[in-house]
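Scroll down for the structure; my scribbles are underneath it.
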Amino acid sequence: MATTCDDLTHVEVGDTLGAALIGGILTAMLFGITVLQTFIYYQRFERDPKELKTFVGLVFLSDTAHMILVIHSLYWYMIINYVNPSSLALIPSSIFGGICVTNISDTAIRYFFMRRVWILSHRNYLLTAPLFILISLIFISGFSFGVKGFSLPTFVQLSTISWLLYLGFAMAVTGDFYIACSLCILLYRSRSGLKSTNSLVNTLIGYSVNTGLITSVTSTVCLFTYVAMPTNFVFLATYFPLSKLYVNAMLATLNCRDYLRNTDFGVPVSSLVAYMPSSEINTDGENRTQSQGRTSYPLRAVGQSSTSSTSTQKVELNSKSNPENSVHEVFVTKRLQGDVDTANELQDV
């Protein structure tokens, strides 16, 4: 849909500068949350790999650069060109710079979530390869739009490559939905028969749904507002803060690990009693002691889900019990240990 200079210089200020200002305020608020979350991350996770800490630092720097570019865009329209309404037909270079910067950071964050899909799917190429291609196409379309925009300083000229923006947003919505659905399905399949892992999985599914839903809905709103109202800046009210949602979603995913570790998702081992003759149980190298016909096996309890503080209890198995009345749960030790390992793996993904 082509636009003209007359269209842009005879629009309501509230739909142009007002919408852009609202977007700038929302962006600044979310940037404040980003700063707080970044501070919390470096305070609580000093032992994270250097690569991950470097990644978080680079994302934060790109987010800071985007905030500066948003401020410059608003300053250019509202201060420098305060008495020049024809400037509404022009686009400052800082907007295109912001598009390029956010495409880099958003793509990096999408690859971050793709890595989670890769890990949870046990390196399933059929699942992650399409996602990798889709994320790469999102980056190419968005970055191309930003770079070409530098040579198209007016909205009239920019409308000639609007299809790149439409395509990028459509693929972004699809990609975010793909990531959220993949994580939810993979996490659901990680459920076990024990309440501990299931509670943890349900919590992680909630995080995945919320983060994926928020970014997908915001991208959709931004796309439709630009298509429906290309002659005003209403779309900037959602486009400016969009990248901040991605950054905060990633930081929330990293910072929630402390909450998950400090939350009791477990069930007492005493509720999982197994009576089997000692001759029928394969302990797979676990230490055991015998006393008066009773055999004790150390079992790892599913309690506070911290790898450094996993408790150990002993369940005594009566070797004189009647095999016919016994509960054939010979896999109790493996099941409990597997549940702990699964919980710890899910928390660290």
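Position one of the sequence shown corresponds to residue -18 (the numbering used here), numbered consecutively onward. The beta-carbon is built from N, C-alpha and C at its ideal position, and this holds for glycine as well.
Could you give the distance in angstroms between the alpha-carbon of Thr8 and the alpha-carbon of Val202?
16 Å
Taking the CB atoms as reference points, tell me whether Leu71 and Thr135 lie closer together than 8 Å.
In this structure, Leu71 places its C-beta atom within 8 Å of the C-beta atom of Thr135.
Cβ atoms of Thr178 and Arg172: under 8 Å apart, would you say?
Contact flag set, yes.
Measuring only the C-alpha atoms, how far is Ile195 from Phe36?
Between Ile195 and Phe36, the C-alpha separation is close to 23 Å.
Is there contact here, the stretch 0 to 17 with the stretch 202 to 216, by at least three beta-carbon pairs under 8 Å?
yes
Can you say whether Val228 is buried or exposed, counting buried as having 16 or more other CB atoms within 10 angstroms of its CB?
Answer is buried; the Cβ neighbour count reaches 16.
Can you check DSSP and say which residues form a bridge with Leu71?
Looking at the DSSP assignment, Leu71 forms a beta bridge with Thr135.
Can you tell me whether DSSP reads Leu175 as helix, strand or coil?
coil
By alpha-carbon positions, which one of Tyr207, Ala153, Leu181, Val82 ends up nearest to Arg242?
Leu181
Beta carbon of Gly193, beta carbon of Ala161: below 8 Å?
yes
Determine the DSSP secondary structure at Val198, reduced to helix, strand or coil.
Of the three classes helix, strand and coil, the one that applies to Val198 here is helix, per DSSP.
Ends of the alpha helix (DSSP H) at Asn356?
As shown, the chain starts at -18 and ends at 330. That puts residue 356 outside it, with no answer to give.
Helix, strand or coil: how does DSSP classify Tyr63 here?
In the structure shown, the three-state DSSP call for Tyr63 is coil.
For Pro211 and Leu223, I'd like the C-alpha separation in whole angstroms.
Spanning the two alpha carbons is a distance of roughly 18 Å.
Touching or not, the stretch 77 to 92 and the stretch 119 to 133, by the rule of three or more beta carbon pairs under 8 Å?
yes
Could you tell me if the beta carbon of Leu7 falls within a distance shorter than 7 Å of some heavy atom in the ligand COA?
Only the bare structure without any ligand can be found here, which leaves the ligand COA out of the picture.
Measure the beta-carbon distance from Glu68 to Tyr56 and round it to whole angstroms, keeping in mind my assumption that it falls under 8 Å.
Before going further, note that residue 68 is Ser rather than Glu in the sequence given. Contact doesn't hold; Cβ gap of about 12 Å is too wide.
Thr109 by DSSP, collapsed to three states: which one?
helix
Using CA coordinates, which residue listed in Leu50, Tyr23, Ile186, Ala151 is at the minimum distance from Gly38?
Tyr23
Measure the C-alpha to C-alpha separation of Asn183 and Phe113 and round it to an integer number of angstroms.
For Asn183 and Phe113, the gap between their C-alpha atoms comes out near 26 Å.
Within the continuous alpha helix (DSSP H) that includes Asp157, where are the two ends?
143 to 170
So Leu108 and Met152 are in contact, right, with Cβ under 8 Å, and what is the actual spacing, rounded?
18 Å between Cβ atoms; not a contact.
Let me confirm a value: Tyr220 is counted as buried when at least 16 other C-beta atoms fall within 10 Å, else exposed. Which label applies?
Buried.
Start and end of the alpha helix (DSSP H) containing Phe214?
Segment: none, Phe214 is in no alpha helix (DSSP H) and carries neither H nor E.
Check this for me: beta carbons of Val198 and Cys165, under 8 Å apart or not?
no
Can you tell me which of the three DSSP states Glu27 falls into?
Here Glu27 sits in coil by DSSP.
Please work out which residues of its chain come closer than 8 Å, Cβ to Cβ, to Phe12, disregarding the five sequence neighbours upstream and downstream, and give them in chain order.
Asp44, Thr45, Met48, Lys225
Quick one: what does DSSP say Ser102 is sitting in, helix, strand or coil?
coil
On the criterion of 16 or more Cβ atoms from any shown chain inside 10 Å, does Pro73 qualify as buried, or is it exposed?
Classification of Pro73: buried, given that the 10 Å Cβ count is 16 or more.
Which residue from Ser163, Val98, Thr155 puts its Cα closest to that of Thr204?
Residue 204 is actually Leu in this sequence, not Thr. The residue with the shortest Cα to Cα distance from Leu204 is Thr155.
Measuring only the C-alpha atoms, how far is Gly5 from Ser200?
17 Å
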